[in-house]
Amino acid sequence: MATMRAARLNVRTRTLELKDVPRPVPGRGQVLVRVKAAGVCLSDVHLIDGTLKPLYLEGDEVTLGHEVSGVVEEIGPDVMDPEVGDRVILQAGQTDRSGKVLTRGVDYDGGWAEYALADEETLVPIPDDLPFDQAAIIPDAVSTPWAAVTSTADVGAAEAVAVWGVGGLGAHAVKLLRLVGAAPIIAADPDPQARKRALAFGADVALDPAGSDFLSTVGEMTGGQGLNVAFDFAGVPTVREQALRVLGEHGRLVLVGLTDKPLEVRDGTRFSYLQQQILGHYGSEPEHVVQLVELVNAGRVDFASSISGTLSLEEAPMAVEQLEKRTGSPIRLVLEP
């Protein structure tokens, strides 16, 4: 039996181990992809520490990795379009026959391995000039903020926006908000490196949310009208409270960062009078990934500056540690099997 290396998480013991496992064989409607790059996400860290738990995983072990790019290696029966050698990225999840939404690398095996199994409909072709490391991070790291900006928040041109948390997702939110014409774009992060990055990605100003001038600066930047849209990519209750304070009339607070802590609206009368909204957001739809590939292909956006480092598959535990400790304030670390 052919084997491959894979980074396997035991969700019961919370241990991550590199091991040899059977190489998958594609079944009906499936393809086997030779993994070229796989992103390391904070969600992977949360799976390891137990903050995030799989809903539909069968058994105790799963190969991590929901951001995956590679080359079609083998085709199963009844596959129509892909051909061996095609360059592709994999959607970060899929819907099963019963209607459950399953996440790759969470509910079924992902791409921290030499090979990944994928249903045909989850493959998205990529152009020859799109590097695999940049392609891999499009599902989730880029598509989640893209969906938050364009679908959940429906940001319009010249709308005043702010992004709290300029990490792996928030940094891309800043870049994508610039793309859709939001103005002004305010970034908020206590990390000086993250604030510097926000300016490089297109923010008009980058502020320390704990700074004494934070509220007054937001007021000045919005002409005293407050924000049209506030994005919480940090998942921190204090961020959400601060964002609500600077929302304007008909303002939308979009919750992208995940937390199990409660959200309190301290001035409910003001919130209702200004007809504000709180919108939950999670992940993206398949079309968002396709849109981003098309935008890259058209030269509208690139993600070269998003790759903070590449490591080998065997170094997956090191990558997790670097991300967890925010060593070097990474945007995205990528594993290359």
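Letter by letter, the sequence shown follows residues 32 to 368 in our numbering. Even glycine gets a Cβ: it sits at the ideal position worked out from N, Cα and C.
For this session: State yes or no: is the C-beta of F334 within less than 8 Å of the C-beta of Q165?
Result: yes
Exercise. Are the beta-carbon atoms belonging to S360 and I168 less than 8 Å from one another?
Worked result: no
Exercise. Roughly how many whole angstroms lie between the Cα atoms of A218 and V351?
Worked result: 26 Å
Problem set entry | For R118, the nearest candidate out of G136, P156 and T82 (CA to CA) | P156
For this session: Measure the Cβ-Cβ separation of E377 and L40 and say whether it is below 8 Å.
Result: As shown, the chain starts at 32 and ends at 368. That puts residue 377 outside it, with no answer to give.
For this session: For M35, write down the residues that DSSP places opposite it in a beta bridge.
Result: Its beta-bridge partners are V52.
Exercise. By the 10 Å Cβ neighbour count, where 16 or more other Cβ atoms means buried, how is V194 classified, buried or exposed?
Worked result: buried
Exercise. In three-state terms, what does DSSP make of H319?
Worked result: helix
Problem set entry | Unbroken alpha helix (DSSP H) run spanning P223, endpoints | P223 to F232
For this session: Give the straight-line distance between the Cα atoms of P348 and G142, rounded to the nearest whole angstrom.
Result: Answer to the nearest angstrom: the Cα atoms are 15 Å apart.
Exercise. Whose C-alpha, out of L208, Y146, E316 and V211, is nearest the C-alpha of R36?
Worked result: Of the candidates L208, Y146, E316 and V211, Y146 places its Cα closest to the Cα of R36.
Problem set entry | Segment contact flag, the region 74-92 with the region 40-51, C-beta cutoff 8 Å, min 3 pairs | yes
Exercise. What first and last residue would you give for the alpha helix (DSSP H) that runs through D80?
Worked result: L73 to D80
For this session: Quick one: using the 10 Å Cβ neighbour count with 16 as the cut-off for buried, is R45 buried or exposed?
Result: Around the Cβ of R45, a 10 Å sphere holds fewer than 16 other Cβ atoms; the residue is exposed.
Exercise. At what residues does the beta strand (DSSP E) containing H281 begin and finish?
Worked result: L278 to L286
For this session: Within its chain, find whatever has a CB closer than 6 Å to the CB of A68; leave out the 5 residues flanking it on each side and keep chain order.
Result: Sequence-distant Cβ neighbours of A68 in its own chain, meaning closer than 6 Å and more than five residues away, are S100, F163, D164, A167, V365 and E367.
Exercise. Is it buried or exposed for N259, if we count other Cβ within 10 angstroms and need 16 for buried?
Worked result: With 16 or more Cβ atoms within 10 Å of its Cβ, N259 is classed as buried.
Problem set entry | Coarse secondary structure for D91, derived from DSSP in three states | In this structure, D91 counts as coil in the three-state DSSP scheme.
Exercise. Given a threshold of 16 other Cβ atoms within 10 Å of its Cβ, counted over all protein chains shown, does K206 qualify as buried or as exposed?
Worked result: Burial call: buried.
For this session: Take every Cβ of the region 319-327, pair it with every Cβ of the region 174-189, and state whether three or more of those distances are shorter than 8 Å.
Result: yes
Exercise. Name the DSSP bridge partner or partners of I157?
Worked result: Answer is none; I157 lacks a bridge partner.
For this session: Could you give the DSSP three-state label for E206: helix, strand or coil?
Result: Before going on, a small fix: residue 206 reads as Lys here, not Glu. Correct three-state label for K206: helix.
For this session: Run the CB neighbour count on D220, radius 10 Å, all protein chains shown included, and call it buried at 16 or more, exposed below.
Result: buried
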